[in-house]
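Asks: Before we start, here is the structure in question, set down as structure tokens.
The following block contains the structure:
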């Protein structure tokens, strides 16, 4: 298993969710999204963000408006549509379920490490009336 590839895929899997969350707080400029994603250690580059924003707009999840800038060309600010808000609500539910499930699994691993203090673990018998082999 390529760990680096798995990490990249995990980040990509939650990128749309994070972008929708960022936009849900109010209209926002793309470079501000990049800054927030970078500071949250979800590394993303413009070449990833802009096509994703276009795809989300084409799916009807967000829209944008042009705002004149005093220091250059007009700036495009993104906003969520009603469909985007409904989709984010559904994704929030899914995220909560996934987080609880993953934490339950990870928590068992951590709990097992504490209980065994690094000792070799013994798989429990599928029949609770039969003791483990080394008991």
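In full-length UniProt numbering, the protein residues as written are 1 to 135. For every residue, glycine included, the Cβ atom is placed at its ideal position computed from N, Cα and C.
What does residue 145 pair with, by DSSP beta-bridge criteria?
Replies: This structure cannot speak to residue 145, because the chain is shown only from 1 to 135.
Asks: Buried or exposed, going by whether 16 or more other CB atoms sit within 10 Å of the CB of residue 19?
Replies: Classification for residue 19: buried.
Asks: Just reading off the alpha helix (DSSP H) that residue 26 is part of, what are its end residues?
Replies: Segment: none, residue 26 is in no alpha helix (DSSP H) and carries neither H nor E.
Asks: Is it the case that the Cβ atoms of residue 80 and residue 88 are separated by a distance below 9 Å?
Replies: Yes, the Cβ-Cβ distance between residue 80 and residue 88 is below 9 Å.
Asks: Can you give me the start and stop residues for the alpha helix (DSSP H) that residue 55 sits inside?
Replies: Per DSSP, residue 55 belongs to the alpha helix (DSSP H) from 46-58.
Asks: Tell me which same chain residues have a C-beta within less than 6 Å of the C-beta of residue 17, skipping the five on either side of it?
Replies: 91.
Asks: Between the C-alpha atoms of residue 85 and residue 25, what's the straight-line distance to the nearest angstrom?
Replies: So the alpha carbons of these two residues sit roughly 11 Å apart.
Asks: Nearest-angstrom Cα distance between residue 7 and residue 39?
Replies: Taking the straight line joining both Cα atoms gives about 17 Å.
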